[in-house]
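The sequence shown lines up with residues -23 to -1, 1 to 187 when you count with mature numbering (1 follows the signal peptide of the UniProt record, and there is no 0).
What follows is a single structure, written as C-alpha cells, with notes after it.
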Amino acid sequence: MKKNMAVAYSVFFLLLIIILDTACGTTNDEINQTNPNTVSDTSSAESAVTYSEEQRILYKIVIQRGKERFSFEEKDSNYCTLVSDVENLLIIAPRGGAGIDSSTLEKNVDVKDIDIIRESEKDSGNKVAVVENEGVWIRLYYNPYRPGQGMNDFKHKDVMVYIDPNDITNAYLARQNPDDLSKWDLILLPGYGPWLQKEIDMLLRLKTGF
C-alpha cells in the first residue's frame, strides 16, 4: 500500500513539473511573438515621420488676380493642372530648359526684399478678400519638403509663381527655404507671364465659377 502511494505521488509530481514547464514555455513564446510586433510598430511610426517629409504635401492654395484674393484648402490637387505644372517647374527651372536660364537663379533672397511675396503673407483669414495692392500670383502652401537621398529634387516649404510687376510678359518662380522661412530662391521665367495669367483664370473659373 505504501509502495503504491509513493508511486502515485511520484507520478503526480512528474505531471506537475511537465505542466509548469509547458506553461512557462508558452508564456515565453507569447512574449517573443509580441516583442517583434512592438518593435515593428515603433519602426513603422518612425518611418512614417521620416517618409512624410519626403513627400510633397500640399494643404492650401492662395491665388491673387488683380486685387481679388482667393484661398482654398487643398488635400488632393491631382486634378489641378497648374499645381502639377508648378511642381514640374521646380525640377526643370534650376537646371535650365523650357526657355528658362538657370543662371538667373538667386538663392536665399530675404523676403523683405521681395514685395509681392511679403504681400502674399498678409492673410485675411477669408476665402475671398479684396486687397490693396494688385498682383497676379499663386502661392502653394506645403508641409516642409526634404527629398530623400538619391531623389532628383530640391527641398522647399511654400512655392510661388508670380507675374513680374515690372514686366508682365515675364514671371518668377520662388521656393521658400524650409530651414529659414525668411529666405527664398528666385528664378526668372521669361515669357511665362501670359501663361500664368491664363492658367490662373482657368483655375478660378473651375473653383469659383467666374
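The beta-carbon is built from N, C-alpha and C at its ideal position, and this holds for glycine as well.
Quantities reported herein were computed from a predicted structural model and do not represent experimental measurements.
Can you find the residues in the same chain that come closer than 8 Å, C-beta to C-beta, to residue i, ignoring five residues on each side of it along the sequence?
{"i": "S159", "result": "D87, V88 and K89"}
Using only alpha-carbon positions, find the residue among the options that is nearest to residue i.
{"i": "I140", "options": "L59, P121, Q153 and R42", "result": "R42"}
{"i": "I68", "options": "K184, V136 and L180", "result": "V136"}
{"i": "K37", "options": "Q126, D144, G102 and E31", "result": "G102"}
{"i": "D78", "options": "F187, P167 and P124", "result": "P167"}
{"i": "N147", "options": "H133, P71, P171 and I177", "result": "P171"}
{"i": "V60", "options": "K134, R72, R182 and I177", "result": "I177"}
{"i": "K184", "options": "V107, S97 and I40", "result": "I40"}
{"i": "R116", "options": "A75, E64 and E30", "result": "E64"}
{"i": "D45", "options": "R72, G74, T58 and V113", "result": "Checking the displayed sequence, the identity of residue 45 turns out to be Glu instead of Asp. Ranking R72, G74, T58 and V113 by Cα distance to E45 puts V113 first."}
{"i": "V105", "options": "Q126, I145 and F47", "result": "F47"}
{"i": "A75", "options": "L165, K132, D144 and R182", "result": "L165"}
Excluding the 5 residues flanking residue i on each side, which residues of the same chain have their C-beta closer than 6 Å to its C-beta?
{"i": "D156", "result": "none"}
{"i": "L163", "result": "E83, V86, Y149 and A151"}
{"i": "Y118", "result": "Y36, K37 and D135"}
{"i": "N110", "result": "E96"}
{"i": "M179", "result": "none"}
{"i": "L66", "result": "L150"}
Give the secondary structure of residue i by DSSP, where H, G and I count as helix, E and B as strand, and everything else as coil.
{"i": "M128", "result": "coil"}
{"i": "R33", "result": "coil"}
{"i": "N65", "result": "helix"}
{"i": "I177", "result": "helix"}
{"i": "L59", "result": "helix"}
{"i": "L158", "result": "coil"}
Who are residue i's beta bridge partners in DSSP?
{"i": "S48", "result": "V39"}
{"i": "I164", "result": "L150"}
{"i": "Y139", "result": "W114 and Y149"}
Whose C-beta lies closer than 7 Å to the C-beta of residue i among residues of the same chain, with five residues either side of it excluded?
{"i": "R95", "result": "V88 and K89"}
{"i": "E51", "result": "L35, Y36, K37 and I38"}
Pick out the complete alpha helix (DSSP H) segments inside the segment 67 to 136, 4 residues or longer, and give them in chain order. As summarised for the segment 67 to 136, the continuous alpha helix (DSSP H) elements at least 4 residues long and confined to that stretch are 92 to 97, given in chain order.
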